[in-house]
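Visitor: Dropping a structure here in structure tokens format, bear with me for questions.
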Amino acid sequence: MSTNPFKWIFELISITSGGLTRMTSSQLGLTFLAAIAITALCAWICLHYVQLWNKRFRLTTTHKVLTALACTLTFFFVLAYAGLSFMKEITAIRISLWQTMTKLDHAWARETLAKTYDAVKEGGFEDFSRYPSPDSGVPITKSESRLIAAEVNANEASRHFSEHHPFLSKIIWTHLELPTKIVKEDVEEYFKEPSNRIYPQERAIDLAAEHIKTQLMQQTPRVVTLSRIALVLAFIIVQLIPFGLIGYAAYKDIKVLT
Numbered sequence: 001m002s003t004n005p006f007k008w009i010f011e012l013i014s015i016t017s018g019g020l021t022r023m024t025s026s027q028l029g030l031t032f033l034a035a036i037a038i039t040a041l042c043a044w045i046c047l048h049y050v051q052l053w054n055k056r057f058r059l060t061t062t063h064k065v066l067t068a069l070a071c072t073l074t075f076f077f078v079l080a081y082a083g084l085s086f087m088k089e090i091t092a093i094r095i096s097l098w099q100t101m102t103k104l105d106h107a108w109a110r111e112t113l114a115k116t117y118d119a120v121k122e123g124g125f126e127d128f129s130r131y132p133s134p135d136s137g138v139p140i141t142k143s144e145s146r147l148i149a150a151e152v153n154a155n156e157a158s159r160h161f162s163e164h165h166p167f168l169s170k171i172i173w174t175h176l177e178l179p180t181k182i183v184k185e186d187v188e189e190y191f192k193e194p195s196n197r198i199y200p201q202e203r204a205i206d207l208a209a210e211h212i213k214t215q216l217m218q219q220t221p222r223v224v225t226l227s228r229i230a231l232v233l234a235f236i237i238v239q240l241i242p243f244g245l246i247g248y249a250a251y252k253d254i255k256v257l258t
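Numbered per the UniProt record's numbering, the sequence shown spans residues 1 to 258.
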């Protein structure tokens, strides 16, 4: 399933913004001061460094606009860098919210029930003569059918998470399915109780959420480091654009004068 890159970029921005809101007033104030100071320093250097070797060069409007854009991005890069400090806390909150909202998503529940019905029926372990449609229920009297039903529900929950949280989902897996071992162990545990006849979707959602949360908590430090490296590289690239264009224009100006 392809993901719109803007969706996961937007989620990353949302996570870093959420991190800023968790800062104390003094932390937030220092972060903004640092962002302003770094932005101002970059702007001053960019607008004046060519004066060291071409005092007669004058910046064009294009140069000034590019510098302003680069410095604006720099300001937000600094804020994002700081906001990533709270990624673990923000991630845990987002998983809990998703867990709650998915249980209330009736459209997803109906669609998943239909997929469960088709998968169990295709498995060929059950008698469907009394179950003409998904609305009639899904027979899971055999252990094989129970595993199939649980896997469908858990994997559909994982896909639902990936659709709504593309950035976070990219951190923890390259495919959307939960490991069969995890699902099988949960099915066996649940059906130890003789009164349990169906594998509830809510349990599948909880299973997926717990797996997602465990993986994300393990991966978060690495992701924060990589994200910060990416921000630093983006900062360098963004600053090189006006620096390079202004420097090149000043160099050409010297050649013309000589």
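Glycine is no exception: its CB is placed at the ideal position from the N, C-alpha and C atoms. This one's a predicted model, so the numbers in the text were calculated from it and none came from an experiment.
So, I15 versus V78, is the Cβ gap smaller than 8 Å?
Guide: Not closer than 8 Å, so no.
Visitor: From what residue to what residue does the alpha helix (DSSP H) around I90 run?
Guide: Counting along the chain, the alpha helix (DSSP H) containing I90 begins and ends at 87-103.
Visitor: Within the stretch 34-91, note down every full alpha helix (DSSP H) run reaching 4 residues or more, in order along the chain.
Guide: Runs of the alpha helix (DSSP H) inside the stretch 34-91: 61-83.
Visitor: Just the Cα atoms here: how many angstroms apart are E177 and K7?
Guide: Taking the straight line from one Cα to the other gives about 21 Å.
Visitor: Check whether the Cβ atoms of E126 and K142 lie closer than 8 Å to each other.
Guide: Result yes, Cβ atoms of E126 and K142 sit closer than 8 Å.
Visitor: So that I know if they touch, is there some Cβ in chain B lying closer than 8 Å to that of E210?
Guide: Note that chain B does not occur in the displayed structure, where there is just one protein chain.
Visitor: Among W108, F161, A230, which has the Cα closest to the Cα of Q201?
Guide: The candidate whose alpha carbon is nearest that of Q201 is W108.
Visitor: DSSP state of G124, grouped into three classes?
Guide: G124 falls in the coil class under three-state DSSP.
Visitor: Can you tell which of V138, H164, H165 has its C-alpha closest to the C-alpha of V152?
Guide: The option with the nearest alpha carbon to V152 is V138.
Visitor: For A208, I'd like the list of residues in its chain whose CB is within less than 7 Å of its CB, leaving aside the five on either flank, ordered along the chain.
Guide: Closer than 7 Å at Cβ, skipping near neighbours: A154, A157, S158, F161, L178.
Visitor: Can you give the Cα-Cα distance for D118 and I212, rounded to whole angstroms?
Guide: Their backbone Cα atoms lie some 26 Å apart in a straight line.
Visitor: Cβ atoms of L147 and V183: under 8 Å apart, would you say?
Guide: Yes.
Visitor: Pick helix, strand or coil for F167, following the three-state DSSP scheme.
Guide: Three-state DSSP puts F167 in a helix.
Visitor: Three-state secondary structure (DSSP) at L231?
Guide: L231 falls in the helix class under three-state DSSP.
Visitor: Please report the Cβ distance between L231 and Y81, rounded to the nearest whole angstrom; I am assuming they are in contact, meaning their Cβ atoms lie under 8 Å.
Guide: Between Y81 and L231 the Cβ distance is about 5 Å, and since that is below 8 Å, they are a contact.
Visitor: Can you list, in chain order, the residues of its chain whose CB lies under 7 Å from that of R228, leaving out five sequence neighbours each side?
Guide: So the qualifying residues of the chain are Y81, L84.
Visitor: Hey, would you say A149 sits closer than 8 Å to Y190, going by beta carbons?
Guide: Against a cut-off of 8 Å, the Cβ pair of Y190 and A149 comes out as no contact.
Visitor: For E193, name the three-state secondary structure that DSSP assigns.
Guide: The answer is coil: DSSP assigns E193 none of H, G, I, E or B.
Visitor: Suppose you measure from the CA of A250 to the CA of T72; what does that come to, to the nearest Å?
Guide: In a straight line, the C-alpha of A250 is about 23 Å away from that of T72.
Visitor: Per DSSP, what kind of secondary structure is N4 in: helix, strand or coil?
Guide: In this structure, N4 counts as coil in the three-state DSSP scheme.
Visitor: Using only the alpha-carbon positions, how far apart do L28 and T21 sit?
Guide: Distance between the alpha carbons of L28 and T21 is about 8 Å.
Visitor: Counting C-beta neighbours from all protein chains within 10 Å, is the total for H48 16 or more, i.e. buried, or is it exposed?
Guide: Classification for H48: exposed.
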